[in-house]
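Residue numbers (our numbering): 1211 to 1258. Notes for the one structure printed next.
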Amino acid sequence: MIKIVENYLSEIIGLSLGVLIVILVWSLYGSYIRRTCCCCVKSNDSNA
């Protein structure tokens, strides 16, 4: 029983860590994409 509980906890911890990493990477990468898109839109507007 103890081994089953340990495996269950390890899986939960692994999934939670993976989700946290994905959220952090997505937030940083998402903000970077927004900045580049905003810069592209501004440059296109200024050129036009």
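Virtual Cβ for every residue (Gly too), placed ideally from N, Cα, C.
Could you check whether the Cβ of residue i sits closer than 9 Å to any Cβ belonging to chain D?
{"i": "TYR1218", "result": "Here there is only one protein chain, and chain D is not present."}
Go through its chain and collect everything with a Cβ distance to residue i's Cβ below 7 Å, but skip five positions before and after it.
{"i": "GLY1228", "result": "none"}
Give every residue of the same chain whose Cβ lies closer than 6 Å to the Cβ of residue i, excluding the five residues on either side of it in the sequence, and list them in chain order.
{"i": "LEU1238", "result": "none"}
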